[in-house]
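Peer 1: Per the working numbering, the very first residue in the sequence shown carries number 37; after that it's consecutive.
The beta-carbon is built from N, C-alpha and C at its ideal position, and this holds for glycine as well.
Starting off with a structure, shown below.
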Amino acid sequence: MKQTFRWFGASDVVTLSDIKQSGATGVVTALHHIPNGEVWEIEEILKTKKAIEHVNLEWSFIESIPIHENIKLRQNDYKQRIENYKQSLKNIAKCGIKNVCYNFMPVLDWTRTHLFWKLEDGSTALRFDKVEMAVFEAFIMKRKDVENDYNKTILKKAEMRFNEMTSEEKQRLQDGILKGLPGTVDDLTIPKFKEMIAQYKDISHADLKANLSYFLNEIIPLAEQLGIKMAIHPDDPPFDIMGLPRIITSENDLEDLVGFIDSPSNGITFCTGSLGANPNNDLPKMIEKFKDRIHFLHLRNVKREADGSFYEDNHLAGSSDMYEIVKAVLKIEKARNIVLPMRPDHGHQMLHDLKNNNAYAGYSSIGRLKGLAELRGLELGILKSNTL
Ligand code: DNO
């Protein structure tokens with residue numbers, strides 16, 4: 037696997053030279069300062085590319101060129117937004133960057149209820165707690181029809197939890213959900229958020245899939261011509277939240293995706309954390325099944341709980357078998373004679389990062405470094421054992 041590390045640009049406390057020391061050879065980043073839906077100009081792309089190459093690293097994957105809400109909704113100026121997207125693809129290709137991660141999650145990107153959840157050893161992890169999500173939806177934002185989406189037991193627990201929470205705790209929960217996680221949407225207020233959600237009122241899963249298919253049929257022929265690989269990121273968490281349809285959550289959804297347009301450019305970011313939160317997903321089997329379409333790997337491991345909650349465990353622990361996952365990846369690399377870019381996704385906040393807490397949630401350096409080191413060792417062990 038090609039070892040890469042995510043970088044959030046000049047404002048990231050984890051610097052390019054830190055990344056260099058992690059042993060990664062590639063960087064995953066985006067032009068985070070360009071508003072969603074605008075064209076990425078060549079000059080801007082080159083500035084970032086040069087900074088990365090200055091420390092002898094490679095810009096391995098763009099994560100992400102985000103998709104404007106009007107494209108997801110196929111409304112208003114969506115045609116112009118698609119033209120902008122195409123222009124961005126032409127521009128990155130001119131700069132020699134040909135790998136693009138994106139997602140098609142409505143309104144929110146990845147969502148957690150806890151950004152710094154304390155583990156027994158004193159480090160902190162990201163967590164999605166079903167009851168706290170219900171607290172937010174039912175009692176903080178007071179979403180209409182919320183009782184259709186949670187069972188009575190969860191709603192009862194949520195009510196009790198809400199009544200026990202201090203105002204700081206309520207604010208922490210709201211901020212964690214609405215203050216745009218790294219690399220995602222802008223910070224939102226509750227009224228703005230409600231307004232954005234309302235736009236999806238009449239959009240079913242099938243409608244959103246149709247809009248994704250439309251978008252892909254617009255851009256994939258161009259991407260193919262330019263030699264660009266598009267790699268969709270699965271929805272995280274892999275189930276509906278806030279009454280919004282989530283459409284890339286399972287093997288069936290990925291089958292639909294690859295069927296929307298048959299092209300090697302229409303590919304997948306195989307995120308073992310997002311897909312791993314759905315207990316029905318057999319990750320090694322899915323890697324084998326979508327072997328020709330997986331262009332990028334996010335490796336991490338979630339520990340699932342009975343009610344649908346999960347937290348992010350160590351990369352080699354958690355509910356998914358990372359040994360079988362990496363083995364499946366190495367098999368497809370061998371079969372396709374390629375090296376797939378991989379990044380250790382998220383990490384615990386630990387050691388010095390606990391004192392110097394300025395990194396983006398999930399993206400402090402030491403936890404990811406630990407994840408990368410473990411994954412690197414796992415890969416080496418599998419390769420040396422000749423079991424592929
Ligand atoms: C979370 C990330 C996602 C991802 C986007 C891709 O840590 O994996 O935010 O970057 O969904 O578009």
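Less than 6 Å between the CB of His388 and some heavy atom of the ligand DNO, yes or no?
Peer 2: Relative to the ligand DNO, His388 has its C-beta separated by 6 Å or more from all heavy atoms.
Peer 1: Checking 7 Å against the spacing of the C-beta atoms, do Glu66 and Leu262 come in under that value?
Peer 2: It should be noted that the sequence gives Ala, not Glu, for residue 66. It is not a contact, given that the beta carbons lie outside the stated cut-off.
Peer 1: Would you mind sorting Ala46 into buried or exposed? The rule is 16 or more other CB atoms within 10 Å of its CB.
Peer 2: exposed
Peer 1: Would you call the CB atoms of Gly407 and His351 closer than 7 Å?
Peer 2: yes
Peer 1: Any heavy atom of the ligand DNO closer than 6 Å to the Cβ of His269?
Peer 2: Under cutoff, so the answer is yes.
Peer 1: Below 8 Å on the Cβ atoms is my contact criterion, and I expect Ala267 with Thr305 to pass it. Report the Cβ-Cβ distance as a whole number of Å.
Peer 2: 4 Å
Peer 1: Would you give the residue range spanned by the alpha helix (DSSP H) that Tyr250 belongs to?
Peer 2: 241-262
Peer 1: Along the chain, where does the beta strand (DSSP E) containing Met266 start, and where does it finish?
Peer 2: Taken as a continuous stretch (DSSP letters only), the beta strand (DSSP E) holding Met266 covers 265-269.
Peer 1: Hey, Pro300 and Asp328 are a contact pair by Cβ (cut 8 Å); roughly how many whole angstroms apart?
Peer 2: 7 Å
Peer 1: Would the C-beta of Asp145 count as close to the ligand NAD, meaning under 6 Å from any of its heavy atoms?
Peer 2: Looking for the ligand NAD in the displayed structure turns up nothing; the ligands present are the ligand DNO.
Peer 1: Do Asn127 and Pro102 have their C-beta atoms within less than 7 Å of each other?
Peer 2: Not closer than 7 Å, so no.
Peer 1: Please state whether DSSP places Tyr236 in a helix, a strand or coil.
Peer 2: The DSSP-derived three-state label of Tyr236 is coil.
Peer 1: Where do the N-terminal and C-terminal ends of the alpha helix (DSSP H) with His388 fall, by residue?
Peer 2: 388-391
Peer 1: Using alpha carbons as the reference points, say which of Gln385, Leu214, Val171 lies closest to Met196.
Peer 2: Val171
Peer 1: Please tell me whether Ala395 and Val50 are closer than 7 Å, where the distance is taken between their beta carbons.
Peer 2: Cβ atoms of Ala395 and Val50: closer than 7 Å.
Peer 1: For the region 274-283 and the region 102-118, state whether three or more C-beta atom pairs, one from each stretch, are separated by less than 8 Å.
Peer 2: As far as the Cβ criterion goes, the region 274-283 does not touch the region 102-118, which means the pair count is below three.
Peer 1: Just the Cα atoms here: how many angstroms apart are Thr84 and Glu205?
Peer 2: 38 Å
Peer 1: Residues in its own chain within less than 7 Å of Arg379 by CB, not counting five upstream and five downstream?
Peer 2: Thr40, Phe41, Arg42, Val64, His334
Peer 1: Give me, in chain order, the residues of the same chain whose beta-carbon lies closer than 6 Å to that of Ile88; leave out the 5 immediate sequence neighbours on both sides.
Peer 2: Val63, Trp95
Peer 1: By alpha-carbon positions, which one of Ile264, Pro257, Pro315 ends up nearest to Thr285?
Peer 2: Pro315
Peer 1: Assuming Tyr138 and His269 make a contact with CB atoms under 8 Å, what is their CB distance in whole Å?
Peer 2: 7 Å
Peer 1: Residue ranges of each alpha helix (DSSP H) run of no fewer than 4 residues wholly in the region 268-307, ordered along the chain?
Peer 2: Taking 4 residues as the minimum length, the alpha helix (DSSP H) runs contained wholly in the region 268-307 are 287-296, in order along the chain.
Peer 1: How many angstroms separate the CA atom of Lys339 from the CA atom of Ala161?
Peer 2: 11 Å
Peer 1: Which residue wins for smallest C-alpha separation from Tyr399, given the options Phe97, Asn392, His384, Ala313?
Peer 2: His384
Peer 1: According to DSSP, simplified to helix, strand and coil, what is Leu154?
Peer 2: Per the sequence shown, the amino acid found at residue 154 is Lys instead of Leu. Three-state DSSP puts Lys154 in a strand.
Peer 1: So, with DSSP's three-state summary, where would you put Asn127?
Peer 2: helix
Peer 1: Under 8 Å by Cβ, that's how I've got Leu151 and Ala313 pegged, so tell me the actual separation to the nearest angstrom.
Peer 2: Actually they are not in contact, since the Cβ atoms of Leu151 and Ala313 sit about 16 Å apart, beyond 8 Å.
Peer 1: DSSP puts Ile330 in a beta bridge; with which residues?
Peer 2: Ile304
Peer 1: Does the Cβ of Tyr121 lie closer than 6 Å to at least one heavy atom of the ligand DNO?
Peer 2: no
Peer 1: Can you tell me whether Pro142 is helix, strand or coil according to DSSP?
Peer 2: In this structure, Pro142 counts as coil in the three-state DSSP scheme.
Peer 1: Within 10 angstroms of the Cβ of Leu416, are there 16 or more other Cβ atoms? Answer buried if so, exposed if not.
Peer 2: Its Cβ having fewer than 16 others within 10 Å, Leu416 is exposed.
Peer 1: Need the endpoints of the beta strand (DSSP E) that Glu348 sits in, please.
Peer 2: 346-348
Peer 1: Using 10 angstroms around the beta-carbon of Arg404, count the other beta-carbons present and answer buried if the total reaches 16, otherwise exposed.
Peer 2: Burial of Arg404 is indicated by the presence of at least 16 other C-beta atoms within 10 angstroms of its C-beta.
Peer 1: Report buried or exposed for Ile374, applying the criterion of at least 16 other Cβ atoms within 10 angstroms of its Cβ.
Peer 2: When all chains shown are included, Ile374 counts as exposed.
Peer 1: Is Glu204 helix, strand or coil when you go by DSSP?
Peer 2: In the structure shown, Glu204 adopts helical secondary structure according to DSSP, grouped into three states.
Peer 1: Which ranges does the alpha helix (DSSP H) cover as unbroken runs of at least 4 residues, wholly within the region 67-96, from first to last along the chain?
Peer 2: Here the runs fully enclosed are 78-90.
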